[in-house]
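Below is one structure, written out as structure tokens; comments come after it.
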Amino acid sequence: MDTSNPAVFVNAELLQMYLGKKVRAVIQVMRSDGGVVYGKSTDDRQLVIKGTPPLIPLTNFVEVIGTVDSNQSIHADIWTNFGDTFGKTYSP
41 MDTSNPAVFV NAELLQMYLG KKVRAVIQVM RSDGGVVYGK STDDRQLVIK GTPPLIPLTN
101 FVEVIGTVDS NQSIHADIWT NFGDTFGKTY SP
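Have a look at this one:
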């Protein structure tokens with residue numbers, strides 16, 4: 041594991057502070073359109089994720105690691121599926 045250049049954990053509001061920097065974010069996938077994924081950040085704001093998603097289908101919740109393009113978008117290099125019920129409580 042490379043710890044020489046860690047990615048800061050951000051939500052949509054914090055993106056503007058990290059333009060051109062490496063970040064990580066967890067989003068709820070709202071829709072996917074080719075190489076662009078639209079999702080909801082942990083602060084309930086929309087994020088645009090650019091890049092090439094994995095060949096396997098994305099789940100409802102995804103973590104991305106990449107470079108901030110603008111105050112609303114990240115160019116992702118790494119995509120990690122977190123499942124369809126991330127952070128939800130199970131009750132039988």
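To convert, take the position in the sequence shown, counting from 1, and add 40; that gives the numbering used here. Beta carbons are placed, not taken as given, at the ideal position from N, Cα and C, and that holds for glycine.
- Shortest Cα-Cα distance from residue 90 to any of 51, 53, 68, 115 involves 115.
- In this chain, the beta strand (DSSP E) harbouring residue 116 covers 113-123.
- DSSP places residue 107 in the uninterrupted beta strand (DSSP E) bounded by 101-110.
- Residue 64: member of the beta strand (DSSP E) spanning 62-73, first to last residue.
- Counted as a single uninterrupted DSSP element, the beta strand (DSSP E) harbouring residue 89 occupies residues 86-90.
- Cα atoms of residue 56 and residue 121: separation of roughly 25 Å, rounded to the nearest angstrom.
- Here residue 81 is buried, its C-beta having at least 16 other C-beta atoms within 10 Å.
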